[in-house]
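Protein chains in written order, with the numbering used here: chain A, 28 to 250; chain B, 28 to 250.
The C-beta atom is built at its ideal place from N, Cα and C for all residues, glycine as well.
In this text the structure is predicted, and so the values were computed from the model without any measurement.
Heads up, the thing below is written out as structure tokens.
There are 2 protein chains.
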Amino acid sequence: MRERPSRLALYTVDAVLVTAMGSELAILLGRNSSDRERWSLPWRIPQTGETLDAAAATTARDALGELPSWMEQIGAFGDGKRHPSEADVSVAYVGLIPHQTASPRDGHTWFPVANPPLLAPRQRAMVDGATKTLQSSLDQAPIAFRLLPATFTLSELQQMYELLLGKRLHKASFRRALQAAWLVEPMDEWRSEGRGRPAQLFRYLPKKKRRPHRGVRFDFLYP
Amino acid sequence: MRERPSRLALYTVDAVLVTAMGSELAILLGRNSSDRERWSLPWRIPQTGETLDAAAATTARDALGELPSWMEQIGAFGDGKRHPSEADVSVAYVGLIPHQTASPRDGHTWFPVANPPLLAPRQRAMVDGATKTLQSSLDQAPIAFRLLPATFTLSELQQMYELLLGKRLHKASFRRALQAAWLVEPMDEWRSEGRGRPAQLFRYLPKKKRRPHRGVRFDFLYP
DNA sequence: TCAATAGTGTCTGTTAGACATTATGGA
DNA sequence: TCCATAATGTCTAACAGACACTATTGA
């Protein structure tokens, strides 16, 4: 059984590890150390001198056995909600796991992000924050690419975007925008998936390009 | 002199308070408590039971005498860099101050954000994070409006956007997009600024509108 | 052959930016 | 009057979405 956290630890680092399973996103949960009936996000009390980013990476590796293909801090959570540790504050990270190749360590399982088991309120907030972070940085960082294997079809890429955005996208528009962005390179491979014409495989290989200049957006509804 | 932080405090809450002074952004700094020759961001050790948001608000009020018109958490900073307190980690917030009406408390002064005095490395990173946060949520939240007084001209609003974005904007396009967003209401007042035709005053009053549906963007250059 | 999916060409309505023009005050 | 700024109308190129069509496989 995991050792009880020291009373001196006033903050933890928690990881929301996300992968795509079929047509939905999944997060990795482990058995709660104090109550084996319940589940919790992987977390860790940083060693002295350990950076936050390093602690998050270690947390992910301890739970998964491998490092996420992409990690980013979500923020600090601590609005009086309960946490498996006795820490006042938890610094949350979101991490992406490319395929579902990784075999979680003992006691860890993937759960659908839309329908997780009961979590401590603060961890519940972190999961919500993770999906929000992924959506909002979807067009600023290669989130979808980091959730896919090294080679993929354009339909798979579009489905990943649709999964992350929670809405359908227009096929021709999607491919036009993708081509203009110089992000993928076609391979000399095709993949046949049941019936229908086989799809060409691509890999993520961003090339130099001019910064897209967009106009101002006023996308907020209310204060 | 400010009391020395307790050795038990493992994290602080720091506030990056931003206002617009003329043609540049400014941040509020106070004298460092241990070395009066140096400057630092306002910060605070949260009381037990105090939420992070509440601690950030209190930090701002203690330094300014008033609450910011908008606050948001930037994230947790702690990559081994030094901080005026002995905390391992600092949770940073950015706050907006509408005009420069507020008179900072003793020992506090506004500094240009582009050219601040020497800061502790971790606080320097928080200031950079603050401008990045403002830029990236500029089209998701009424940042520019919260930096302006209650009534303003459209030129002032555009100049605020240009200041935050660091680039010039097209006047006609800016006003078209603004009108389509139903965010401002014209007043029955005009203001004459030196020569030229007087400008009509507006106030921020967002109205119901349909969510704008945008296509996918691939705005990142490299991994 | 039909069904299903990949991939592309064309059209159209919307929009961002360029440009020009009018409006209205102060010097 | 001239000049500076506000405010707006028109044109054009770019682009997003709709639609239709071709291409290529398995059943």
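CB contact check: residue i to chain A, cutoff 7 Å
i	result
V154 of chain B	no
L37 of chain B	yes
G105 of chain B	yes
S200 of chain B	yes
W45 of chain B	Sequence check: residue 45 of chain B is Val here, not Trp. Answer no: the Cβ-Cβ gap between V45 of chain B and chain A never drops below 7 Å.
G102 of chain B	yes
D246 of chain B	yes
L181 of chain B	no
V243 of chain B	yes
Best match in the options for proximity to residue i [C-alpha to C-alpha]
i	options	result
A110 of chain A	A:G122, A:R151, A:S96	The sequence shown places His at residue 110 of chain A, not Ala. That would be A:R151, whose Cα lies nearest to the Cα of H110 of chain A.
S164 of chain B	A:F247, A:N142, A:F201	A:F247
L205 of chain A	A:P225, A:L181, A:W217	A:L181
E212 of chain A	A:P225, A:P148, A:T178, A:E220	A:T178
L175 of chain A	A:L123, A:S112, A:V40	A:L123
A119 of chain A	A:F138, A:W137, A:L94, A:M98	A:M98
A81 of chain B	A:R63, A:G105, A:R58	A:G105
Neighbour-count burial assignment, residue i, 16 or more Cβ in a 10 Å radius
i	result
M48 of chain A	exposed
H126 of chain A	exposed
W70 of chain A	buried
Q167 of chain A	exposed
T75 of chain B	exposed
K234 of chain A	exposed
L210 of chain A	buried
V228 of chain A	Note that residue 228 of chain A is Leu in the sequence shown, not Val. Buried, by the Cβ-count rule.
R149 of chain B	buried
G92 of chain B	exposed
G223 of chain B	exposed
D133 of chain B	exposed
Min CB distance residue i to chain B below 7 Å
i	result
T86 of chain A	no
D41 of chain A	no
A168 of chain A	yes
T78 of chain A	yes
R31 of chain A	With a pLDDT of 45 at R31 of chain A, under the threshold of 50, the modelled position of that residue is not reliable, and the figure given next carries that caveat. Not one chain B Cβ lies under 7 Å of R31 of chain A.
D133 of chain A	no
Y329 of chain A	In the structure as shown, chain A starts at 28 and stops at 250, and residue 329 of chain A therefore has no counterpart that could be examined.
I204 of chain A	According to the sequence provided, residue 204 of chain A is Ala. The question's Ile does not apply to it. Yes, contact with chain B.
L210 of chain A	yes
Boundaries of the beta strand (DSSP E) in which residue i is found, first to last residue
i	result
R63 of chain B	Neither: R63 of chain B is in no beta strand (DSSP E) and is coded neither H nor E.
V243 of chain B	Per DSSP, V243 of chain B belongs to no beta strand (DSSP E) and is neither H nor E.
R218 of chain B	211–218
T39 of chain A	38–48
Extent of the continuous alpha helix (DSSP H) run through residue i
i	result
R151 of chain A	148–163
S200 of chain A	198–208
D89 of chain A	79–91
I170 of chain A	170–174
S117 of chain A	Run containing S117 of chain A: none in the alpha helix (DSSP H); it sits in the beta strand (DSSP E), 116–123.
E183 of chain B	181–192
Anticipated Cβ contact below 8 Å, residue i with residue j, distance rounded
i	j	result
L192 of chain B	S67 of chain B	Incorrect: roughly 28 Å between the Cβ atoms, too far for contact.
A90 of chain B	Y38 of chain B	In fact, because the Cβ distance is near 19 Å, the residues do not count as touching under 8 Å.
H135 of chain A	L52 of chain A	Actually they do not touch by this definition, with Cβ atoms about 16 Å apart.
P95 of chain A	A103 of chain A	Not really, about 20 Å apart at Cβ, beyond 8 Å.
L184 of chain A	A199 of chain A	The pair is not a contact, with the Cβ atoms about 14 Å apart (cut-off 8 Å).
V116 of chain A	V43 of chain A	Actually they do not touch by this definition, with Cβ atoms about 16 Å apart.
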